[in-house]
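39 is the number that this note's numbering gives to position 42 of the sequence shown; each next residue is one higher, with no gaps.
Even glycine gets a Cβ: it sits at the ideal position worked out from N, Cα and C.
One structure is given below, encoded as structure tokens.
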Amino acid sequence: MFLEGAAQSHAKSICKPCPVRTECLAHALDQRIQYGLWGGMTDRERRALLRRRPEVDSWAQLLQTARREHARTVVDA
């Protein structure tokens, strides 16, 4: 998806409830997909994230672990 402004915001809102949003984002980050909206993040947001976390080898693994830990804390709360 190549969108800007309000259209981009609308597309991001469609991504929000998607059950595979995290996997979609991890794929885009792991494959270094340069363009479009993936997993609710724009290409610019993904580039910034990749620059902030250059040590991450597998976004799929990192996000899956974070999801499990979050689910565990929600259950424990």
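| request: Go to residue 60, then tell me how far its alpha helix (DSSP H) extends in each direction, as first and last residue. | output: 56 to 73
| query | Under the rule that 16 or more other beta-carbon atoms within 10 Å means buried, what is residue 2, buried or exposed? | reply | Exposed: under 16 other Cβ atoms inside 10 Å.
| First through last residue of the alpha helix (DSSP H) which encompasses residue 19 | 18 to 27
| Can the beta-carbon of residue 37 be found closer than 8 Å to that of residue 49? | no
| query | How many whole angstroms separate the CB atoms of residue 12 and residue 47, which I take to be in contact at a CB cut-off of 8 Å? | reply | 19 Å between Cβ atoms; not a contact.
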